[in-house]
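Quick note on the working numbering: the sequence shown kicks off at 467 and runs consecutively. All C-beta atoms, glycine included, are put in the ideal place defined by N, C-alpha and C. Quick notes on the structure that follows.
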Amino acid sequence: MSLPAASLPLTTYTTKDPFSQGWQWLTDPTNWQGPLGVPVRVVEHLGYSGLTLLISIVIAVPIGLYVGHTGRGRGVVVSLAGMLRALPTLGIMTLFALLASSALSLMPAIWSLVLLAVPPILTGTYAGIAAVDRQIVDAARSMGMTERQILFSVEVPNGLAVMLGGLRSAVLQIISTVAVVAFISLGGLGRYIIDGLAVQDYGQVLGGAVVIAVLAIAIDGVLALLQRAVVSPGLQTAKTAPEQNTPALPTVS
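This is the structure in structure tokens:
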């Protein structure tokens, strides 16, 4: 998924104001065409982000479900999440790239981003399950539901809003931080920032930053709509009126 070190033709600016240059760069049709154009870089950016998110979900969600349901390892989860958040993404990425072979140049970047994305997903999943009213869980258990049924039929539906909140936070961090993969000669929207700084083309730098910001906002908007669609309306109302929150217990199948 990496591309050769190449950049777009320099845009001819009519002003020295960097903000005006950024606008001119964004409205220059040349920057939206060809293999180095914005649409191609957006696809690369989303590809890196999607792979990072998938790996992070596979790692973090099962652990969060287990800890939230059983209550075991809470201190470890909190400590681990805090430790991973403190790691410098660019430094870890560079270290992984130096340790890995050139044939695996993509994966060092992905694994460094996974370290960034796991904490919000892990803590969101754990917090969502742990926040479910224990009286509801005890009632489900007294009805004869198995632990698996309690987890997936009671705790997950009632904790879904918090879990999706952690997912949205992770997605925003991933999309914003994926730009640094350009530092190790990969693609994505970060190429505009790295290449622009290399030739002091600040219009390109600003234009690339704007595209990244717009992409992050757009993806978050889509996830917000998805959250409203999949979370029970009663649980959404409970956010503003917790005293009225009385989730219904599912029947035993």
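(request) Verify whether the separation of the beta carbon atoms of Leu617 and Ile587 is less than 9 Å. (result) no
(message) Give me, in chain order, the residues of the same chain whose beta-carbon lies closer than 8 Å to that of Gln490; leave out the 5 immediate sequence neighbours on both sides.
(response) Thr477, Tyr479, Thr480, Thr481 and Gly669
(message) If I measure Cβ to Cβ from Ala650 and keep anything under 8 Å in the same chain, skipping five residues before and after, which residues do I get?
(response) Reading the sequence as shown, one finds Ile at residue 650 and not Ala. These residues qualify, in order along the chain: Met559, Thr560, Ala563, Ser571, Pro574 and Ala575.
(message) Let's see if you can read the secondary structure: which residues bound the alpha helix (DSSP H) around Gly594?
(response) Leu572 to Ala596
(request) Helix, strand or coil for Leu512, going by three-state DSSP, please let me know. (result) helix
(request) Just mark Pro699 as buried or exposed, buried being the case when its beta carbon has 16 or more other beta carbons within 10 Å. (result) exposed
(request) Would you check if the stretch 623-639 and the stretch 672-689 touch, i.e. whether three or more CB-CB distances between them fall below 8 Å? (result) Yes, the stretch 672-689 touches the stretch 623-639.
(message) Going by beta-carbon coordinates alone, are Val644 and Ser515 separated by less than 9 Å?
(response) yes
(message) Rounded to whole angstroms, what is the Cα-Cα separation between Gly503 and Asn497?
(response) 5 Å
(request) Indicate the three-state DSSP secondary structure (helix, strand or coil) for Arg614 in the structure shown. (result) helix
(request) Assuming Val671 and Ile659 form a contact by the criterion Cβ under 8 Å, report the distance between their Cβ atoms to the nearest whole angstrom. (result) Contact between Val671 and Ile659 holds: CB atoms are separated by about 5 Å, below the 8 Å threshold.
(message) Report the CB separation of Val696 from Leu626 in whole angstroms; it is logged as a contact under 8 Å.
(response) 7 Å
(message) Measuring straight from C-alpha to C-alpha, what distance separates Pro554 and Ala566?
(response) Distance from the CA atom of Pro554 to the CA atom of Ala566, rounded to whole angstroms, is 18 Å.
(message) Within 10 Å of its beta-carbon, does Gly500 have 16 or more other beta-carbons around it, so buried, or fewer, so exposed?
(response) exposed
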